[in-house]
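A.B. asks: Got a structure here, written out as structure tokens. Questions coming.
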Amino acid sequence: MAAAAVAALTVVAFAPQAANAACAPTDDFAGVRLPTTCLSPDESQAVQMRMFRAELAVAALSCQQQSQYNTVVTRHQDELVREGRALRGIFQRVYRAGAERELNRFITHLANRASLKRLTQPTYCQTMARVFREAQAQPRQSLLAYIQGVPTTTSMMASATPPPSAQALAAMDTAAGKSGKPVLDD
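Numbering (the working numbering), first residue to last: 13 to 198.
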């Protein structure tokens, strides 16, 4: 049940190509690209957590589920903070002085993608209400395990959601403050 609900988000979990792969190219993340680099398993978990948190934040605002969001964030605060620091470390390693700007662009990109899903999936708010309930029910320090229960290839709603148009992607990039050659693209 938990995996099915989270799968509906199309938050795709990281799966290395080989079981003993030391790292994976970042373009393996469900169409979300990070700078050309290699992520450790711990870093990939940080990206997964941020993708999930972006979905929750969009649902909180667009589906009037702020109290559910606050409950999940409060319950899993330690885990969210730990993974947030790891994500910040990725951007500091890759971008050095520009890390904060690029991290903000990345987070905006994730929020734009989640917002697009909200606009294209008729049952988005109902699905997210179920995800909030399930995330709230997870024991502390178990949110990442819950997120990783997502199938790695597709989700229940992915086939029902048309891919965003080039114009929609360009608008999201503009909203994210991108100009010139995009760093984060689909």
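Positions of the beta carbon are idealized from the N, C-alpha and C atoms, including for glycine.
Just so we're clear, the structure is a prediction, and the values are computed from it rather than from any experiment.
1) Using the Cα positions of Thr83 and Gln148, report the straight-line distance between them to the nearest angstrom.
2) Pull up the CB-CB distance for Ala123 and Ala58, whole angstroms please, since I reckon it's below 8 Å.
3) Distance check for Ser79 and Leu51, CA to CA, integer angstroms please.
4) Using only the alpha-carbon positions, how far apart do Gly101 and Gln76 sit?
5) Below 8 Å, can you find three or more Cβ-Cβ pairs linking the region 83-96 to the region 59-67?
6) Pick out whichever of Ala71, Arg152, Glu91 has its Cα sitting closest to the Cα of Asp54.
7) Give the secondary structure of Thr120 by DSSP, where H, G and I count as helix, E and B as strand, and everything else as coil.
8) Spatial neighbours of Leu115 within its chain, please: CB distance less than 6 Å, with the 5 preceding and 5 following residues excluded, ordered by chain position.
9) Apart from the five residues just before and just after Val85, which ones in its own chain have a Cβ nearer than 7 Å to its Cβ?
10) Would you say Pro134 faces chain C, with C-beta separation under 8 Å as the test?
11) Could you pull out every residue in the same chain whose Cβ sits closer than 7 Å to the Cβ of Arg113, ignoring the five residues on either side in sequence?
12) How is Glu95 classed by DSSP in three states: helix, strand or coil?
13) Using the beta-carbon count (16 or more within 10 Å), is Gln138 buried or exposed?
14) Under the assumption that Arg87 contacts Arg152 (Cβ atoms under 8 Å), give the Cβ distance between them as a whole number of angstroms.
15) Let me make sure I understand the geometry here. Which of Ala71, Ser56, Gln60, Met61 has the alpha-carbon closest to that of Gln133?
C.D. replies: So, from the data block:
1) Here the question's residue 83 lines up with position 71 in the sequence shown. Here the question's residue 148 lines up with position 136 in the sequence shown. Distance from the CA atom of Thr83 to the CA atom of Gln148, rounded to whole angstroms, is 7 Å.
2) Position 111 of the sequence shown, counted from the start, is the residue given in the question as residue 123. Position 46 of the sequence shown, counted from the start, is the residue given in the question as residue 58. Wrong, their Cβ atoms sit about 17 Å apart, outside the cutoff.
3) The count along the sequence shown starts at 1 and reaches residue 51 at position 39. The count along the sequence shown starts at 1 and reaches residue 79 at position 67. When rounded, the distance between both Cα atoms is 33 Å.
4) Along the sequence shown, one-based indexing puts residue 101 at 89. Along the sequence shown, one-based indexing puts residue 76 at 64. Gly101 and Gln76: Cα-Cα distance of roughly 32 Å.
5) yes
6) As a working mapping, residue 54 is identified with position 42 in the sequence shown. Residue Glu91 is the option with its Cα nearest to Asp54.
7) Along the sequence shown, read from residue 1 onward, the residue named residue 120 stands at position 108. In the structure shown, Thr120 sits in a helix (DSSP, three-state: H, G or I).
8) Your numbering for residue 115 matches position 103 in the sequence shown. Here the set comprises Phe103.
9) Taking the sequence shown and counting its residues from 1, one reaches residue 85 at position 73. The answer, listed in chain order, is Leu92.
10) Looking at the structure shown, chain C is missing, and only one protein chain is on hand.
11) Locating residue 113 in the sequence shown gives position 101, counting from the first residue. Nothing meets the Cβ criterion.
12) Within the sequence shown, residue 95 is the residue found at index 83, counting from 1. It is helical.
13) On the sequence shown, position 126 is the one that residue 138 refers to. Result: exposed.
14) Along the sequence shown, read from residue 1 onward, the residue named residue 87 stands at position 75. Along the sequence shown, read from residue 1 onward, the residue named residue 152 stands at position 140. Contact annotation, Arg87 with Arg152: C-beta distance approximately 6 Å; criterion of less than 8 Å satisfied.
15) One-based indexing of the sequence shown puts residue 133 at position 121. For Gln133, the nearest C-alpha among the options comes from Ala71.
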